[in-house]
Amino acid sequence: MVLRLELSEEERKELEEMVKKSAKSHLRERASALLQIADGRQGKEVAFYGLLRVRRRNTVYEWVHRYKAEGDQGA
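Count along the sequence shown from 1, add 85, and you get the number used in the working numbering.
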């Protein structure tokens with residue numbers, strides 16, 4: 086299954102701001118993962134190589150599904 090995420094310009098800007106300015110590291114990490122998925126990287130690639138620490142592929146998939154369902158509240 087290919088994981089896809091399409092972002093509006095506004096959503097992309099919100100996630101970019103979250104990566105740069107969020108006081109909570111887990112929010113910065115999730116926003117980074119979401120942006121990478123939106124840019125076409127595979128979930129497995131992001132989980133293993135795209136973050137500061139290795140994550141389970143399913144964790145990244147859950148972040149994307151939660152974001153799709155809840156927007157930035159799910160990030």
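Cβ atoms here follow ideal geometry from the backbone N, Cα and C, with glycine treated the same way. Since this is a predicted model, take the numbers as computed values, not measurements.
Using three-state DSSP, classify Leu-119 as helix, strand or coil.
Residue state, collapsed to three classes: helix.
Closest by CA to Ala-116, which one among Leu-88, Ala-154, Leu-136 and Glu-130?
Cα-wise, what sits closest to Ala-116 is Leu-136.
Residue range of the alpha helix (DSSP H) that Leu-100 falls in?
Start and end: 94-106.
Helix or strand or just coil, what does DSSP make of Leu-153?
The residue asked about is misnamed: residue 153 is Lys in this sequence, not Leu. Of the three classes helix, strand and coil, the one that applies to Lys-153 here is helix, per DSSP.
Mind the definition here: the stretch 119-127 touches the stretch 94-105 only if three or more C-beta pairs lie below 8 angstroms; say whether that holds.
Flag = yes, the stretch 119-127 and the stretch 94-105 touch.
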